[in-house]
Amino acid sequence: MLVLAILVILSLLASGVAVTADRLRRQEDERQAALRAAVDMADTRASVLYLLLTQRRTFGGLTVDDRVVLSLDERIAARDGDDTLSLVPVGNEITLDGTPHRGLGEARFALQDDRGRIAVNWAPAPVIERFVARQAGQQVPVATLQNLLEDYQDADDLHRLNSLERDGYRARGRPPPSNRALVTPLELRRVAGWGEVLARMSDGRLLDVVTSARSAQINVNTAPSDALVALPGIDEALARRLVDARQLKPFTAMAEVRQIVGGAPGGEEYLSLYPMDSGTLKMWAPGGGAVRVLHWTLTLFDREGRPWREDYEFALSQDDRPDDGVARPTAAKVLARPEAAAR
């Protein structure tokens with residue numbers, strides 16, 4: 020019996036050691052995978068920022084080489100010796116509409132133009148009204164929301180109509196207004212009235228659709244369908260048609276947009292076809308972990324500073340990770356895998 024008991028104890032100890040060793044091995048594998056993912060994302064981030072600083076943009080997105088396509092008028096001007104700055108797509112751009120692309124290693128990334136979003140501080144009232152109605156599921160007085168947003172950002176304590184200032188926030192048990200311009204779209208959740216409107220929208224989707232940048236127009240070449248439907252005269256079907264059409268060939272003239280929607284949605288002053296000098300870089304690893312979001316602004320004309328500015332950076336949950344199965348390869352040499360770059 021004693022021998023049997025000893026054998027049982029030794030068996031249990033061996034099982035415990037095996038389980039512990041297996042757990043430690045899995046943890047080490049996870050740490051190594053997380054480290055590789057962090058290195059891949061850091062390398063991808065540096066490479067994409069390099070492209071943003073050194074490559075021009077077209078109606079199709081961010082170019083990856085020196086290839087240039089000229090329109091007929093531009094070819095005539097070039098023959099006459101005039102300088103030409105072509106915006107015609109070359110066909111191998113990195114899109115600026117949030118489409119996932121393959122980065123270095125196993126990293127994935129997506130670039131999105133700020134003009135492809137709704138600028139809550141600058142967009143025309145009809146655009147804000149349609150956006151709010153879709154999110155809230157009902158008509159909400161947009162004038163009140165705009166007053167609440169302006170009082171949240173201005174430096175005084177004067178109340179606009181049906182609005183709140185510091186005392187009103189305190190009475191409701193909310194953090195006081197920042198008295199400065201919004202830094203990120205997520206800050207909208209802190210603004211009285213807006214938090215309720217956006218309650219059904221995830222942080223990831225909010226970042227895809229809304230921006231705090233200064234832009235009164237929406238870029239038809241980069242806006243997601245959730246932003247396009249905020250344009251007067253655009254429903255979900257038309258928004259989908261616009262997205263499908265630009266994936267085949269980016270819009271290069273407003274006439275091409277009118278052919279699809281039957282006119283200029285709300286007037287052409289609402290629309291743009293070319294990206295801004297600011298946007299977001301989203302990065303993630305297919306195996307798991309948080310989604311990193313970096314907001315960048317190109318400052319090429321800032322003579323005393325850096326050629327770009329990083330405005331904010333934070334992490335989103337795994338629930339906001341895009342679909343890994345549709346990540347596109349890029350033709351950029353700085354993003355090529357080592358074996359491909361060596362060819």
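Take 20 as the starting number for the sequence shown in the numbering used here and just add one per residue.
Even for Gly, the Cβ is constructed at its ideal location relative to N, Cα and C.
Between the options, which has its C-alpha nearest residue i's C-alpha?
i, options, result
"D330", "L201, P119, M20", "L201"
"A211", "A264, R45, L164", "L164"
"V58", "G124, Y289, L168, A334", "G124"
"L167", "R136, R340, N181, G110", "N181"
"R224", "A256, M273, L205", "L205"
"K301", "M273, K268, R265, D339", "D339"
"G298", "E148, T63, E112, E332", "E332"
"V146", "Q278, M273, D170, A249", "A249"
"L106", "D85, E169, D170, G117", "D85"
"V131", "D170, E288, V67", "Going by the sequence as given, residue 131 is Gln instead of Val. Minimum Cα distance to Q131 is reached at V67."
"P108", "T271, R55, S34, L290", "T271"
"P269", "G117, R179, G110", "G110"
"R199", "S30, D173, R179", "D173"
"A65", "L54, I25, L32, G122", "G122"
"R356", "L71, E287, D62, W315", "D62"
"E288", "L257, L267, P251", "P251"
Quick test of your reading: residue i and residue j, contact by CB under 8 Å. State the CB separation rounded to the nearest angstrom.
i, j, result
"V345", "P119", "6 Å"
"R311", "M60", "6 Å"
"L247", "V229", "About 14 Å; that fails the 8 Å criterion."
"V159", "V216", "6 Å"
"A309", "Q337", "7 Å"
"Y317", "W327", "The residue asked about is misnamed: residue 317 is Leu in this sequence, not Tyr. Rounded, the Cβ-Cβ distance is 5 Å, consistent with contact."
"A242", "R136", "7 Å"
"S234", "A138", "4 Å"
"L290", "I279", "That belief does not hold up - the Cβ atoms of L290 and I279 are roughly 12 Å apart, past 8 Å."
"V353", "Y171", "About 41 Å separates the two Cβ atoms, so there is no contact after all."
Give the range of the beta strand (DSSP E) segment to which residue i is assigned.
i, result
"G223", "It is not in any beta strand (DSSP E) - G223 instead sits in the alpha helix (DSSP H) that spans 222 to 228."
"A129", "127 to 132"
"A334", "327 to 335"
"G298", "297 to 303"
"V312", "310 to 317"
Just the Cα atoms here: how many angstroms apart are residue i and residue j?
i, j, result
"I253", "F320", "36 Å"
"L115", "G324", "25 Å"
"V276", "D245", "17 Å"
"R191", "D175", "19 Å"
"A351", "A232", "28 Å"
"P348", "L104", "27 Å"
"D227", "A155", "18 Å"
"G282", "E255", "16 Å"
"L177", "R134", "32 Å"
"V87", "E112", "11 Å"
"S197", "E148", "24 Å"
"T39", "G307", "24 Å"
"G214", "L89", "47 Å"
"A56", "R127", "10 Å"
"M20", "R45", "37 Å"
"T77", "R219", "35 Å"
"G117", "R265", "13 Å"
"L183", "R209", "12 Å"
"T203", "W315", "12 Å"
"T73", "L335", "29 Å"
"A274", "P341", "32 Å"
Since residue i is in the alpha helix (DSSP H), which residue starts that stretch and which ends it?
i, result
"R189", "185 to 190"
"Y171", "161 to 172"
"V280", "273 to 280"
"E255", "255 to 267"
"S244", "244 to 247"
"W141", "Counting along the chain, W141 falls outside any alpha helix (DSSP H), and DSSP gives it neither H nor E."
"E287", "Counting along the chain, E287 falls outside any alpha helix (DSSP H), and DSSP gives it neither H nor E."
"V216", "213 to 216"
I want to know whether the segment 81 to 88 touches the segment 140 to 152 - three or more CB-CB distances under 8 Å. no
Does the contact criterion of 3 or more C-beta pairs under 8 Å hold for the segment 288 to 296 versus the segment 229 to 238? yes
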